[in-house]
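Residue numbers for the sequence shown follow my numbering, so the first one is 22 and each next one is one higher.
The beta-carbon is built from N, C-alpha and C at its ideal position, and this holds for glycine as well.
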Amino acid sequence: MNPTRRNLILGASAGMAVGAFARSALAAPRTLPQDADTASLRPGEPGADYKPVITPNGTALPFRIVDGHKVFHLIAEDVEHEFAPGLRAHCYGFNGRVHGPTIEAVEGDRVRIYVTNRLSVPTSIHWHGLVLPNGMDGVGGLTQRPIGPGETFLYQFPLRQHGTYMYHSHHDEMAQMAMGLMGLFVIHPRVPAEPPPERDYAYLLSEWKIAVGARRPDPNEMMDFNVLTLNARTAPGTEHILARVGERVRLRIGNLSAMSHHPIHLHGHNFHITATDGGIVPPGARWPEVTALVPTGSTRDFEFTANEPGDWPLHCHMTHHVMTQMGHGLPILEGTDPSLFDEALERAVPAYAAMGSGMGHGMGDMSSMPGMPAMPGMPNPAAAQGSNPAALVPPNQLAMVGTRGPFGFITMGGMFTVLKVRHTLPEGQAVGWYEHPKGTVASRARTADLERDGIDL
């Protein structure tokens, strides 16, 4: 055979093989044949066909089965929402919640989702990441007309994939998503390739601009977001999550923040990214991480084994994302002694205390300063001194950082929660702070230790 012709044939064959592999690899994640008759499949039931996910601080959307279809009803409406004790705002939500309830189903289910609009403005719902008929995609003005106030629309389609997905408004998106109109959509595999994890948690990340003292998010903000949330809650209002030693844990994390990507960091463990909203990551393509970026408009599934007992932070590693209602017009007083001008200023502003004055000169002290709102469960020095903190700060705001911990004040807020890993977890009982074995907590170095190791201070 002519070498040139031979090379051409071999090259064409290789190209066809690569193309076929690429089409297979890029297909939506399925455990059913592409041409499966979904009408012959019974709807998946929780407990029998899948283990429901846990949405911390959230809930699942109830459904009923009618003529072999799984029927859901979403109601878009105004909701007064609590981000954490001390901070509430008038938002948009679904079914009385911000964010909306998690929709759960099984690959192959045929769903009917009714969406009722009780807002005063038109809206629509996009099923983010789902493969479905174009007319069901939910883009106002492009694939459908918007849902007017008082109207109810029906979306119906078969679920032809499995994974972690989202739903959100796709009409006047900047304003309506900034007000909270979003939720999670979890589709379980019809035929699981692996045993399910013992713990399966789902989070939706978002960001808000709520001016100090305001009671409504600012939908026009484009850069300066100051309330960062896990499932629409900001620490100290975030629910802690649990695992027993040795259990496999999955964290499903979706990000519908307006502008921010979030590097999510888990202490004490490493994990693998096992799936994205585009499909399953093949086992041979995974690698261990302790921090993984969740881009806006994406989902990532983290999986790990909870091998290390303790209380482990789970948080965004952008430092201003573990603060709340951060102020920017502040002088730099780190490392200074502001007591030199305190007395003069206090004559003009009663009960004034400079940031960090007498308290270690650090941002971490701001939560207990006179003039900062008290955190739930935290003593307020200003109140003890007889001053009135409520008169010094606007109502309906949070301290920039923190909550009470077992060793004092935890200087993180915002997009932060705690993974509690224990050897035993009593059913139905609150899980307190971890009790460390003797000799396993960092503490002040003893003189004998310093001398033994040659540390000269």
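Inspect the beta-carbon positions of residue i and residue j and report whether they are closer than 8 Å.
i	j	result
Ala296	Gly435	no
Tyr71	Val127	yes
Tyr113	Val100	yes
Pro240	Met200	yes
Leu277	Met195	no
Glu102	Ala253	With the sequence shown as reference, residue 102 is identified as His, and Glu is not the correct amino acid for it. In contact: His102 and Ala253 (Cβ atoms closer than 8 Å).
Glu125	Ala81	yes
Thr424	His261	no
Opposite residue i in the DSSP bridges: which residues?
i	result
Asn328	Looking at the DSSP assignment, Asn328 forms no beta bridge with any residue, so it has no partner.
Leu263	Lys441
Ala126	Ile208
Gly169	BP columns for Gly169 are empty, so no partner.
Gln177	Arg133
Phe430	Arg425
Report the rounded CA-to-CA distance for residue i versus residue j, giving the unit in angstroms.
i	j	result
Asn328	Pro210	27 Å
Thr432	Ile134	42 Å
Thr340	Val422	11 Å
Thr164	Ile146	11 Å
Asp88	Phe174	19 Å
Arg321	Leu225	11 Å
Ser464	Arg181	55 Å
Arg236	Arg109	7 Å
Thr357	Gly162	57 Å
His19	Ala279	This structure leaves residue 19 out entirely; the chain is present only between 22 and 478.
Met299	Gly150	It is Gly, not Met, that sits at residue 299 in the sequence shown. Computed Cα separation, rounded: 7 Å.
Val119	Pro77	12 Å
Pro400	Thr468	In this predicted model, Pro400 has a pLDDT of only 38, less than 50, meaning its place in the structure is not dependable; the value taken from the coordinates is given anyway. One C-alpha to the other measures close to 33 Å.
Phe482	His444	With the chain covering 22 to 478 only, the question about residue 482 has no answer from this structure.
Ala57	Gly305	28 Å
Here's a check: name, in chain order, each residue in its chain whose Cβ is nearer than 7 Å to the Cβ of residue i, leaving out the five neighbours to either side.
i	result
Leu153	Phe178
Leu446	Leu263, Arg265 and Val452
Ile96	Phe115, Asn116, Thr137 and Arg139
Pro427	Trp454
Arg269	Pro218, Glu219, Glu324 and Thr326
Cys337	Leu249, His283, Pro284, Ile285, Val343 and Met436
Pro238	Ala110, Cys112, Ala199, Met200, Trp229, Lys230 and Ile231
With a threshold of 6 Å on Cβ separation, who are the neighbours of residue i within its own chain once the five nearest residues in sequence on each side are excluded?
i	result
Gly169	Pro143
Leu314	His282 and Pro284
Tyr176	Ile134 and Met157
Val74	Val207, Asp221 and Ala223
Leu272	Tyr222 and Phe323
Can you tell which of the options has the C-alpha that lies nearest to the C-alpha of residue i?
i	options	result
Trp333	Val315, Thr320, Gly318 and Val311	Val311
Thr123	Val160, Gly162, Gly318 and Gly79	Gly79
Trp148	His338, Ser319, Glu448 and Lys441	Ser319
His286	Asp239, Ser278 and His342	His342
Pro316	Gly275, Gly331 and Glu355	Gly275
Ala105	Ile231, Val442 and Leu471	Ile231
Ser227	Thr59, Thr255, Pro216 and Gly267	Thr255
His303	Glu355, Glu215 and Leu205	The identity of residue 303 in the sequence shown is Pro, whereas the question assumes His. Comparing Cα positions, the closest option is Glu215.
Thr461	Lys441, Pro330 and Val132	Pro330
Val442	Leu205, Gly289 and Arg131	Gly289
Using a Cβ-Cβ cut-off of 8 Å (strictly less than) and excluding sequence neighbours within five positions of residue i, which residues of its own chain qualify?
i	result
Gly171	Asn138 and Arg139
Asn291	Pro309, Glu310, Val311 and Phe325
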